[in-house]
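Numbering (this note's numbering), first residue to last: 15 to 216. Every residue gets a Cβ at the ideal spot worked out from N, C-alpha and C, and that includes glycine. Please read these numbers as outputs of a predicted model, since none were measured by experiment. Written below as structure tokens is the structure these notes are about.
Shown next as structure tokens:
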């Protein structure tokens with residue numbers, strides 16, 4: 015099978031995430047796209063909602079589509095939540111499958127700081143999503159020369175232009191009561207039921 019891993023905090027999952035995932039499925043004809051909910055990334059601040067809530071919200075989405083799935087593998091790994099460790103575990107499950115890792119250009123720009131970043135290509139190919147108006151030059155200026163060469167050669171890195179999606183999880187969290195249009199209905203109800211992001215506070 016041809017499988018795409020879409021990693022993220024999904025704090026919360028929103029319509030922008032779904033649009034990105036559907037675009038990747040359509041463009042690359044993946045057999046399956048798996049949302050990989052992060053535990054506590056080493057390079058980011060602590061998540062607002064705990065892992066269980068974030069996983070449950072994503073599962074509400076993936077249950078609607080035959081070609082979507084979600085994994086809690088990062089939460090099960092005792093080691094730090096490095097992409098390298100997660101991909102090793104993913105590869106154990108999908109040993110004979112073709113694995114791709116979907117990531118935004120802003121995140122990929124920091125790849126030199128990732129744990130064992132040069133070894134990641136032993137386990138996956140990368141799809142780097144970018145939006146119009148966010149020039150790739152910003153990313154290219156930051157990544158190391160050997161990664162630039164991989165992009166030029168099309169060596170396990172492909173670039174995917176995404177429609178402009180002006181939604182972020184931080185915006186949704188900060189404006190949760192005004193963000194219903196950006197979140198699937200069942201996810202919004204889950205947020206209300208569990209009083210996530212202080213939605214029920216006056």
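- Contact between residue 19 and residue 113 holds, with the beta-carbon distance rounding to 7 Å and staying under 8 Å.
- By the Cβ test, the stretch 65 to 73 is not in contact with the stretch 92 to 110, since fewer than three Cβ pairs between them sit closer than 8 Å.
- Contact between residue 65 and residue 84 is ruled out by a C-beta separation of about 12 Å, above the 8 Å threshold.
- Note that the C-beta distance between residue 197 and residue 28 is below 7 Å.
- Cβ contact annotation for residue 30 (same chain, cutoff 6 Å, sequence separation greater than five): 179 and 181, in chain order.
- Between residue 101 and residue 138, the C-beta gap is smaller than 7 Å, which places the two residues in contact.
- Note on the stretch 121 to 159: whole beta strand (DSSP E) runs with a minimum of 3 residues are 139 to 144, in chain order.
- The beta carbon of residue 200 is closer than 8 Å to those of 74 in its chain, skipping five residues each way along the sequence.
- Here the alpha carbon of residue 24 sits roughly 32 Å from the alpha carbon of residue 167.
- The C-alpha of residue 128 is placed about 15 Å away from the C-alpha of residue 142.
- Short of 6 Å from the beta carbon of residue 173, and not among the five residues preceding or following it, lie these beta carbons of its own chain, in chain order: 142.
- Residue 30 carries a helical assignment under DSSP once its states are collapsed to helix, strand and coil.
- By the criterion of a C-beta distance shorter than 8 Å, residue 32 is surrounded in its chain by 75 and 198, once the five residues flanking it on both sides are discounted.
- Counting C-beta atoms within 10 angstroms of its own C-beta, residue 38 has 16 or more neighbours from the protein chains shown and is therefore classed as buried.
- Between residue 105 and residue 99, the C-beta spacing is not below 7 Å.
- Under a 10 Å Cβ-count criterion, residue 15 is classified as exposed, with fewer than 16 other Cβ atoms of the shown protein chains found around its own Cβ.
- Take the alpha-carbon of residue 96 and the one of residue 88: they are about 9 Å apart.
- Taking C-beta separations shorter than 7 Å and ignoring five residues to either side along the sequence, the partners of residue 62 in its chain run 25, 187 and 211, following chain order.
- A straight-line Cα-Cα distance of about 22 Å links residue 152 and residue 184.
- The C-beta distance from residue 202 to residue 194 rounds to 5 Å, short enough to meet the 8 Å contact threshold.
- Of all alpha-carbon atoms in 140, 103 and 81, the one lying nearest the alpha-carbon of residue 91 is that of 103.
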